[in-house]
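Take a look at the structure set out below.
So, in structure tokens, the structure goes:
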């Protein structure tokens, strides 16, 4: 907690994080996706967040490997990556997607959509 602004006014500075991108496209032949997460506040102190994958039209165990975990930003860290494994499927002809959710300790919630796209028709 830091004092900020006018005398007598006490404000808590946000120490949140978010996805650098909100949509990522990958081909069905890819085997992993790197997901950048950025700090949205001053890079002082430690910031922790948790993440998890969630099914949509793409299903865990069939199209990607279900994942969850935590990520920690140390003093002066501004960007980190998490990785989600994709189950390769060269025969897939439909575009499908799943989401990754990110929660920081202040309750800030972010969603990233990962599209596994068939680019053979482009």
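Residue numbers (the working numbering): 73 to 194.
In this text, a Cβ means the ideal position worked out from N, Cα and C, and glycines have one as well.
A quick note: this is a predicted structure, and the numbers were derived from the prediction, not measured.
DSSP places residue 134 outside any beta strand (DSSP E), giving it a letter other than H or E.
Assignment of beta-bridge partners to residue 146 by DSSP yields no partner. When the five nearest sequence neighbours on each side are left out, the beta carbons in the same chain lying within less than 8 Å of the beta carbon of residue 142 are those of 120, 121, 122, 123, in order along the chain. The straight-line gap separating the alpha-carbon atoms of residue 118 and residue 163 is approximately 44 Å. A straight-line Cα-Cα distance of about 23 Å links residue 133 and residue 175. Sequence-distant partners of residue 101 (beyond 5 residues in either direction) whose C-beta falls short of 7 Å from its own C-beta, in its chain, are 160, 162.
When secondary structure is reduced to three states using DSSP, residue 126 falls in the strand class.
Per DSSP, the continuous beta strand (DSSP E) segment holding residue 183 begins and ends at 181 to 188.
Per the coordinates, the alpha-carbon of residue 90 lies some 6 Å from the alpha-carbon of residue 182. In the three-state scheme derived from DSSP, where H, G and I count as helix and E and B as strand, residue 166 is classed as coil.
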